[in-house]
Amino acid sequence: MPNRLDFTITAADTGQRLDRFLTQQLSDFSRSAVQRLLESGAVLLDGKPAGKNERLREGEMIVVELPEQEDEIPKPENIPLDILYEDSDLLVVNKPKGMVVHPAAGNRNGTLVNALLYHCGGQLSDCNGSFRPGIVHRIDKNTSGLLVAAKNNRAHLCLAEQIQAHRFTREYRAVVYGVVKEDRGTLDFPIGRHQTQRRKMWVGGENGRDAVTHFEVLERFSRFTYMKFRLETGRTHQIRVHCAYIGYPVAGDDVYGPKKCITELQGQCLHAKKLGFVHPSTASYLEFDSELPAYFQKFLEKAKKIT
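Plus 87 on top of the position in the sequence shown (first one is 1) and you've got our numbering.
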């Protein structure tokens, strides 16, 4: 992450509290970490130190000076893991909503990496360096579901190659705003970094990369749709960005969804349900499925009853 971030307030962000806006944009920071930045004077609003209760206006400029990252290698932490499968090469983990995958500014502890280091006794791949040991692919902090972690570099490279070649099965479930008309289809829109809000992604732009998401409607309600998604590519925030682009943002998404989001969800209603790959050592195809977590089932039942 760069040490300085700049944001320009758009009409869609007008009226929002500054601390809430920054929590959305700085996905590696908790709300309390954002408030510490504000208290330290690290956030300027139109050139002046800003308070957390500031209400934003269109055209205002925000500058965030981030603290220097500590060159601190993640430490093992005894955090319980929901493990669906494990052998000498890899393990498949069901990540809960709210857990960050690897340490970064604002989230140094309590991450999946910290838990993996403890559980595996440090025996993890280092293809992504000492700060992301074992991490082959990621899901967002507030997305729940399945991830595979590699215990050695051979396994890591084999799994990464499958992802690159689009031979890695990744299937999600989501509840989205609105009633989707098409029963199934493919979203093929390039995704890149947003030009002015650097923590967000968007469709198009000069830096856009191919992004393909296949979808299927599972059930329609009066105001929401329950959907299945299959990733062909794996861009940052891909499902969330594609859904928002076609006018059906993921329910609870406080970055790409409507300004008044569903706070009870504490993030998007999105779950990585199915994961499949060829095992690096046995060459057999393995596929794993996870149950919808309680938060998802509860909201799904609520969506059915809303008129």
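Virtual Cβ for every residue (Gly too), placed ideally from N, Cα, C.
- H189 counts as buried, since at least 16 other C-beta atoms from the protein chains shown sit within 10 angstroms of its C-beta.
- Judged by pairs of C-beta atoms under 8 angstroms, the segment 263-270 does not touch the segment 231-245, as fewer than three such pairs exist.
- Rounded to whole angstroms, the Cβ separation of V180 and L234 is 5 angstroms, and the two are in contact under 8 angstroms.
- The beta strand (DSSP E) runs lying completely inside the segment 212-238 and spanning 3 residues or more are 231-237, given in chain order.
- Closest option to Y372, judged by alpha-carbon separation, among L379, Q384, G363, E378: G363.
- Every beta strand (DSSP E) of 3 residues or more that sits fully in the segment 143-195 is shown, in chain order, as 148-152, 170-173, 177-182.
- In the assembly as shown, A202 is a buried residue. Its beta-carbon has 16 or more other beta-carbons within 10 Å.
- For E374, the uninterrupted beta strand (DSSP E) run begins and ends at 372-376, by DSSP.
- Inclusion of R257 and R317 in the CB contact set at 8 angstroms is warranted, their separation being smaller than that value.
- Straight through space, the alpha carbons of R91 and K392 are spaced by roughly 45 angstroms.
- Remark: C-beta atoms of A98 and E141 do not approach each other more closely than 8 angstroms.
- Leaving aside the five residues that flank L168 on each side, the residues in its chain whose CB is nearer than 7 angstroms to its CB run, in chain order, V180, A202, H206.
- Counting the other CB atoms within 10 Å of its CB gives R310 a total below 16, which places it among the exposed residues.
- Rounded to the nearest whole angstrom, the C-alpha separation of L211 and P161 is 12 angstroms.
- Take V328, set aside five residues on each side of it, and the residues of its chain with a beta-carbon closer than 7 angstroms to its own are I278, M288, W289, V290, Y343, in chain order.
- Ranked by how close their Cα comes to the Cα of N165, the residues G208, G232, G134, V187 have G208 in first place.
- With a 10 Å radius around the Cβ and a threshold of 16 neighbouring Cβ atoms, H358 comes out buried.
- Looking at the backbone, the Cα of C348 and that of L246 are separated by about 36 angstroms.
- Under the criterion of beta carbons closer than 8 angstroms, R260 and V304 do not qualify as touching, at roughly 12 angstroms.
- Taken through DSSP and simplified to helix, strand or coil, V342 comes out as coil.
- Runs of the alpha helix (DSSP H) lying entirely within the segment 236-314, each at least 4 residues long, are 240-251 in chain order.
- Assignment of R322 by DSSP, reduced to helix, strand and coil, places it in the coil class.
- By the neighbour-count definition (other C-beta atoms within 10 Å, threshold 16), Q111 is a buried residue.
- In this structure, the straight-line span from the alpha carbon of V150 to that of E374 is close to 45 angstroms.
- The Cβ atoms of Q355 and V337 sit closer than 8 angstroms to each other.
- By the 16-neighbour rule on beta-carbons within 10 angstroms, N294 is exposed.
- If you check the CB distance, K360 and D376 come in under 8 angstroms.
- Under DSSP, R317 takes part in a beta bridge, and its partners are E258, H301.
- With a threshold of 16 other beta carbon atoms within 10 Å, Q282 falls short and is exposed.
- Per DSSP, F116 is not a residue of any beta strand (DSSP E), being assigned neither H nor E.
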